[in-house]
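The structure appears right after this line, and notes come after that.
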Amino acid sequence: MTTEDQVRPALNYRNTKFISSAARMSQLDIVENCIEIAFAGRSNAGKSSALNTLTDQKSLARTSKTPGRTQLINLFEVDEDCRLVDLPGYGFAKVSEAIKAQWQDTLSEYLQKRDALKGLVLLMDIRHPFKDTDEMLLRWSGECNLPVHVLLTKADKLKRGAQKTALLGAKKTLKDYHSDISIQTFSSLKKEGIDELKKVLNNWFKRE
Ligand code: GDP
Numbered sequence: 002m003t004t005e006d007q008v009r010p011a012l013n014y015r016n017t018k019f020i021s022s023a024a025r026m027s028q029l030d031i032v033e034n035c036i037e038i039a040f041a042g043r044s045n046a047g048k049s050s051a052l053n054t055l056t057d058q059k060s061l062a063r064t065s066k067t068p069g070r071t072q073l074i075n076l077f078e079v080d081e082d083c084r085l086v087d088l089p090g091y092g093f094a095k096v097s098e099a100i101k102a103q104w105q106d107t108l109s110e111y112l113q114k115r116d117a118l119k120g121l122v123l124l125m126d127i128r129h130p131f132k133d134t135d136e137m138l139l140r141w142s143g144e145c146n147l148p149v150h151v152l153l154t155k156a157d158k159l160k161r162g163a164q165k166t167a168l169l170g171a172k173k174t175l176k177d178y179h180s181d182i183s184i185q186t187f188s189s190l191k192k193e194g195i196d197e198l199k200k201v202l203n204n205w206f207k208r209e
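Numbered by this note's numbering, the letters in the sequence shown go through residues 2 to 209 in order.
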């Protein structure tokens with residue numbers, strides 16, 4: 002077995018620490034053999050809450066950011082060679098076209114050119130999935146063979162039956178995209194879906 006194939010010991014997501022922020026991909030450091038998993042979603046989709054829930058920390062990622070504020074790529078380290086990357090939220094109606102275009106450039110450059118990137122967690126509010134930029138990310142990830150795991154967030158906002166219906170509907174929609182996409186419901190409020198998410202991340206990180 003080569004070192005590449007070896008499954009390393011389990012990760013403790015509680016150990017996650019903030020490392021740095023960057024406005025552009027060129028400002029991100031490159032660490033040999035480091036695996037990165039990115040989290041992306043429309044602003045208000047519940048991305049910061051999901052990162053805080055996953056890592057069992059109250060304020061690792063900041064919640065309720067101000068619309069239009071300069072958005073940064075935030076890097077977190079779970080272990081020395083396993084990183085979580087909080088990508089800038091998108092979809093604010095109020096920001097200018099120029100800022101929107103700049104975000105798109107940053108996102109597309111990171112997704113398409115970052116060698117360390119091994120998976121994308123795409124967060125969508127269970128009540129409002131598949132908006133324009135979500136669909137764009139699904140297309141891009143297919144073009145660069147990047148596996149995607151979708152979190153239908155704020156699942157607690159719907160009753161169980163409606164959650165199931167939304168999940169089934171989303172699975173159907175995802176058939177229009179590439180095949181390396183998985184999906185689950187998630188609730189930071191109820192702390193539901195954490196183990197399922199960890200399983201996917203551990204697999205991408207090649208950890209137990
Ligand atoms: P971000 O902009 O994607 O980082 O979203 P936030 O994590 O800041 O969440 C946006 C809003 O949705 C906040 O008011 C959160 O309290 C709320 N929220 C986030 N996750 C959940 C959830 O699982 N259930 C419910 N009911 N509300 C949530």
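We treat Cβ as the ideally placed atom computed from N, Cα and C, and that holds for glycine.
Around the CB of S44, 16 or more other CB atoms lie within 10 Å, so the residue is classed as buried. Non-local C-beta neighbours of W205 in its own chain, meaning closer than 6 Å and more than five positions away in sequence, comprise I38, K119, G120, ordered along the chain. Looking only at K101, T17, L175, the smallest Cα-Cα distance to L85 is reached by T17. Counting only unbroken stretches of 4 or more residues, the alpha helix (DSSP H) elements lying wholly within the region 16–103 are 48–56, in sequence order.
Relative to ligand 1, even the nearest heavy atom lies 7 Å or more away from the CB of N75.
A straight line joining the alpha-carbon of R63 with that of E78 spans about 16 Å.
If you draw a straight line from the Cα of P148 to the Cα of S97, it is about 31 Å long.
Boundaries of the alpha helix (DSSP H) around K165: 161–175. Put simply, the backbone Cα of N53 is about 31 Å away from that of A99.
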